[in-house]
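Per our numbering, residue -11 is the first one in the sequence shown, and the count goes up by one each step.
Virtual Cβ for every residue (Gly too), placed ideally from N, Cα, C.
Keep in mind the model is a prediction, meaning the values are calculated, not measured.
Worksheet: the structure to be examined is printed underneath.
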Amino acid sequence: MSREIGFGIVGGGMIGKVHADAINALPGTKALAVWGRSEARVNELAAKYNAVGYLDYAQFLAHPGLNVVNICSPSGLHLEHGQAAAEAGKHVLVEKPIETTLERADALIEACDKAGVKLGVIFQSRFLPMVQKMKDAIEAGKLGRLILGDAYVKWYRVPEYYADSWHGTMALDGGGALINQAIHTIDLLRWMMGPVESAFAMKKALRYPQIEGEDTLVGNLQFQNGALGAVVATTSIKPGFKRRLEISGERGTIILDGDAITVWEIDGEPSLQGDAAQITDGSANPAAISTEGHRLQIEDMVKAIREDRQPVINGVEGRKSLEVVSALYAAANAQQLIHL
Ligand SMILES: NC(=O)c1ccc[n+]([C@@H]2O[C@H](COP(=O)([O-])OP(=O)(O)OC[C@H]3O[C@@H](n4cnc5c(N)ncnc54)[C@H](OP(=O)(O)O)[C@@H]3O)[C@@H](O)[C@H]2O)c1
């Protein structure tokens, strides 16, 4: 029987609870400590998970038995929180996006490398069975030469969402709908289509003009393999739809609708179209995401520690979607084609 892996949660907000639930659903792992700013929230979470709550970050990192620190704070704090954890000798599992800029992402990757600790970046969708099935088919060449890869994230967020202290700010969110919401689908698009060669985009804050970032972005990508792609990222349209990832090659098309495949049309294979079973995906309600993907990714982190290997989505892998996001933002800001 392997020893228990102890986890500490940084930020007991919306996603911190998903981490704690996922950790405690796994055998041989336990959420031992929680850090946050508000005493009431920290105490509530600590009581719920039978963990110890901290307001002091150094004391939290010194909690006995802590092996992994889960960074669930606002995105622009991931570097400071992750770096301090790495320097304290803890493995780091950071929420998406890895950080708000490539420079800050690189500093976090370097800090973890220097400390000799593992760095995992949460993109839980990659671990879901239907997503794996789509990736495997594309990897096996079933679609033939790739032609189009599109990511549509047409979501809705209520006004209160942007009325807090960090959503939509450049310092803590790094932008808006693209970097916060659509990055999951951008990550899948980049993973399945391969590296991006160039990007163009337009962005606006249409429903929420008070935010620094965008609530609506449309963009175009050219992949290194020559294929083209469209990106639509928004939190401004009602009622909000499931995210769609559409990949087409010379031999057919696969469409992921939410977390289910709804179109599987490939030459020589039985065709599938229609409503497949849906897993809740947060298209209109950020709290409606399933914990399944997090459970599977945290399980991979535990295995990586036990087997002394890299987590499947390590820092370098988790940075790739931020590189695409950054290029789309640079293109929108400069109104010119950006080569990666
Ligand atoms: N993988 C996913 O599907 C997914 C989904 C949602 C979010 N996320 C990511 O998870 C991270 C956290 O998002 P969330 O939705 O959980 O946010 P949230 O509900 O607002 O929670 C943020 C947490 O960070 C703490 N915090 C520390 N310093 C803060 C500061 N200066 N301003 C605001 N909060 C601060 C807050 O403490 P107090 O409670 O004490 O205020 C709170 O516990 C983000 O990077 C986000 O992109 C990922």
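* Asked: Does the separation of the CB atoms of G137 and G70 fall below 8 angstroms?
  -> Numbered from 1 along the sequence shown, position 149 holds the residue referred to as residue 137. Numbered from 1 along the sequence shown, position 82 holds the residue referred to as residue 70. Between G137 and G70, the CB-CB gap reaches or exceeds 8 angstroms.
* Please name the residue in G303, G163, M118 whose C-alpha comes closest to that of L96. => Numbered from its first residue, the sequence shown carries residue 96 at position 108. Taking only the C-alpha atoms, the option nearest L96 is G303.
* **Runs of beta strand (DSSP E) lying entirely within the region 222 to 248, each at least 3 residues, in chain order** => 232 to 237, 240 to 245
* To do: Taking G(-4) as the reference, give the member of M2, P15, Q47, S26 with the closest Cα.
  => If you number the sequence shown from 1, residue -4 lands on position 8. The residue with the shortest Cα to Cα distance from G(-4) is Q47.
* Among the residues of its own chain, which have a CB less than 8 angstroms from the CB of K226, if the five just before and after it don't count? -> Residue 226 sits at position 238 when you count from the first residue of the sequence shown. Excluding sequence neighbours, K226 sits near Y144.
* Secondary structure of L205, DSSP reduced to three states -> Sequence index remark: in the sequence shown, residue 205 carries index 217 (1-based). In this structure, L205 counts as strand in the three-state DSSP scheme.
* Cβ-heavy atom distance, R25 to ligand 1, below 7 angstroms -> On the sequence shown, position 37 is the one that residue 25 refers to. Yes, ligand 1 has a heavy atom inside 7 angstroms of this Cβ.
* To do: Please determine, among A21, R25, L67, the residue with the shortest C-alpha to C-alpha distance to L49.
  => Position 61 of the sequence shown, counted from the start, is the residue given in the question as residue 49. Comparing Cα-Cα distances from L49 to each of A21, R25, L67, the minimum goes to A21.
* Check whether the Cβ of E148 sits closer than 7 angstroms to any heavy atom of ligand 1, and report yes or no. => By one-based count along the sequence shown, residue 148 stands at place 160. No - ligand 1 has no heavy atom lying nearer than 7 angstroms to the Cβ of E148.
* **Top-ranked residue by Cα proximity to A330, from L209, Q212, E202, C100** => Here the chain has residues from -11 to 328 only, and residue 330 is not among them.
* Is it the case that the CB of N168 approaches a heavy atom of ligand 1 more closely than 7 angstroms? -> On the sequence shown, position 180 is the one that residue 168 refers to. For ligand 1, at least one heavy atom lies less than 7 angstroms from the Cβ of N168.
* List the whole-angstrom C-beta distance separating L160 from P15, where the pair is believed to meet the contact cut-off of C-beta under 8 angstroms. => The count along the sequence shown starts at 1 and reaches residue 160 at position 172. The count along the sequence shown starts at 1 and reaches residue 15 at position 27. Not confirmed; about 35 angstroms, so no contact.
* Asked: By how many angstroms is the C-alpha of R92 removed from the C-alpha of T17?
  -> By 1-based counting over the sequence shown, the position of residue 17 is 29. By 1-based counting over the sequence shown, the position of residue 92 is 104. Near 30 angstroms, if we compare the C-alpha coordinates of R92 and T17.
* Hey, is the region 22 to 34 in contact with the region 115 to 127, meaning 3+ C-beta pairs nearer than 8 angstroms? -> no
* Asked: Could you give the distance in angstroms between the alpha-carbon of I267 and the alpha-carbon of H282?
  -> Here residue 267 corresponds to residue number 279 of the sequence shown, with the count starting at 1. Here residue 282 corresponds to residue number 294 of the sequence shown, with the count starting at 1. Residue placement at I267 is flagged as unreliable, the pLDDT there being 45, under the threshold of 50; the coordinate-derived value follows with that caveat. Each residue's alpha carbon lies about 13 angstroms from the other.
* **Any non-hydrogen atom of ligand 1 within 7 angstroms of K230 CB** => Looking up residue 230 in the sequence shown gives position 242. Because no heavy atom of ligand 1 lies under 7 angstroms away, the Cβ of K230 does not count as near it: no.
* Asked: DSSP state of K18, grouped into three classes?
  -> Counting from 1 along the sequence shown, the entry for residue 18 is found at position 30. Looking at K18 - three-state DSSP - the assignment turns out to be strand.
* Residue closest to R178, alpha-carbon to alpha-carbon, out of I3, T223, H66, E311 -> Stepping through the sequence shown from its first residue, residue 178 is reached at position 190. Among I3, T223, H66, E311, the Cα nearest to that of R178 belongs to E311.
* To do: Quick one: grab the DSSP three-state call for W179.
  => Taking the sequence shown and counting its residues from 1, the one referred to as residue 179 is at position 191. W179: helix per DSSP, three-state reduction.
* Heavy atom of ligand 1 within 7 angstroms of M118 beta-carbon -> The residue you call residue 118 lines up with position 130 of the sequence shown. The answer is no for M118.
* Asked: Under a three-way DSSP split, which group does Q169 fall into?
  -> Within the sequence shown, numbered from 1, the residue matching residue 169 stands at position 181. Here Q169 sits in helix by DSSP.
* According to the neighbour-count rule (16 or more other Cβ atoms, all chains shown, within 10 Å of its Cβ), is L43 buried or exposed? -> On the sequence shown, position 55 is the one that residue 43 refers to. Exposed is the call here.
* To do: State the beta-bridge partners of Q210 as determined by DSSP.
  => As a first step, residue 210 is located in the sequence shown; it is residue number 222 there, counting from the start. Looking at the DSSP assignment, Q210 forms a beta bridge with S186, L216.
* Spatial distance of I293 from I242 (CA atoms) -> Taking the first residue of the sequence shown as position 1, residue 293 is located at position 305. Taking the first residue of the sequence shown as position 1, residue 242 is located at position 254. Using only the alpha carbons, I get a separation of about 34 angstroms.
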